[in-house]
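S.K.: Sharing a structure below in structure tokens format, with a few things to ask.
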Amino acid sequence: MKILVVAATAMEIAPFIAQQNNVEVLITGVGAPACMYKLTQHLLTQQYNMVIQAGIAGTFKNSIALGDTVLVKNDVFADLGIYERDQFFTLFEKGFIAADEQPYKNGWLHNHYNIDVNLPWVNAITVNTVSDQITQTNLFLKKFDADIETMEGAAFHYVCLQQQIPFLQLRSISNYVGERVKTNWKIKESITSLNHHLQQIITQLQSTPL
Ligand SMILES: O=C(O)c1cccc(C(=O)CC[C@H]2O[C@@H](n3cnc4c(=O)[nH]cnc43)[C@H](O)[C@@H]2O)c1
199 MKILVVAATA MEIAPFIAQQ NNVEVLITGV GAPACMYKLT QHLLTQQYNM
249 VIQAGIAGTF KNSIALGDTV LVKNDVFADL GIYERDQFFT LFEKGFIAAD
299 EQPYKNGWLH NHYNIDVNLP WVNAITVNTV SDQITQTNLF LKKFDADIET
349 MEGAAFHYVC LQQQIPFLQL RSISNYVGER VKTNWKIKES ITSLNHHLQQ
399 IITQLQSTPL
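Following this note's numbering, the numbering of the sequence shown begins with 199 at its first residue and continues without gaps.
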């Protein structure tokens with residue numbers, strides 16, 4: 199099985215890279231535009247059976263602990279929309295995109311691939327601007343009721359769905375959304391957990407017949 203591992207920063211998958219395990223790695227840079235460009239460019243010339251995005255993330259939910267690792271079932275470009283009279287509308291709500299228009303399913307970028315691992319599947323939002331303003335956190339929480347937030351997930355889902363390549367988005371929780379005091383983040387713990395699960399998933403995939 200030919201697998202590509204994608205991450206925003208090399209730091210997030212440094213332990214995995216250090217193992218040199220014959221799996222290709224693509225570092226896209228932080229944010230959705232860089233992820234979209236780099237991944238699309240790469241996939242136009244290389245073929246894979248599976249692409250895995252691995253990274254850290256913020257969570258909205260107290261039921262998710264820092265250091266926990268999750269898989270993302272649905273993602274969305276949360277701040278792609280229109281502000282009108284102090285109200286935020288998505289492009290679906292404004293009728294610019296139909297909720298089930300390719301590659302969307304009910305307004306989400308849905309991953310229909312399943313893997314038999316003991317990790318929770320969650321819903322995510324992707325933002326261009328990470329904010330410590332409670333108004334932004336509450337707005338997105340009310341609108342999408344997602345579990346976690348990243349800056350690249352929806353871009354990753356969008357490209358893989360359009361290119362029809364099986365994919366997994368693996369995230370470990372480093373912080374609560376809105377928390378910008380980095381000393382309150384659990385970066386080291388989340389990276390350790392992320393890389394442990396990444397290696398486990400890859401070992402499992404490599405032992406699965408195509
Ligand atoms: O400061 C460090 O030591 C450090 C080490 C590794 C990675 C980082 C990052 O800042 C990675 C940025 C990456 O993390 C995602 N992320 C993490 N928390 C959130 C959040 O609350 N909201 C949105 N995105 C988050 C994001 O995908 C970035 O690409 C720092």
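C-beta atoms are modelled at their ideal positions from N, C-alpha and C, and glycine is treated no differently. These figures come from a predicted structure and were not determined experimentally.
1) Just verifying my parser: in three-state terms, what is the DSSP assignment at residue 328?
2) Could you say which of 332, 315, 204, 353 lies nearest to residue 398 if we only look at CA atoms?
3) Return the first residue and the last residue of the alpha helix (DSSP H) that residue 354 is part of.
4) Sort out for me which residues DSSP pairs residue 268 with in a bridge.
5) Shortest alpha-carbon distance to residue 331 belongs to which of 254, 374, 219?
6) How about residue 275 and residue 230: do their beta carbons lie closer than 8 Å?
7) Please name the residue, chosen from 227, 223, 245, that lies closest to residue 362 on a Cα-to-Cα basis.
8) Can you tell me whether residue 379 is buried or exposed, with buried defined as 16 or more other CB within 10 angstroms of its CB?
9) By alpha-carbon positions, which one of 283, 222, 354, 199 ends up nearest to residue 366?
10) Report yes if the CB atom of residue 226 is closer than 8 Å to the CB atom of residue 387, and no otherwise.
11) Pull the bridge partners of residue 343 from the DSSP assignment, please.
12) With H, G and I counted as helix, E and B as strand and the rest as coil, what does DSSP make of residue 402?
M.R.: Quick look at the numbers:
1) coil
2) 315
3) 351-361
4) 369
5) 374
6) yes
7) 245
8) exposed
9) 354
10) no
11) Paired residues: none, contrary to the question.
12) helix
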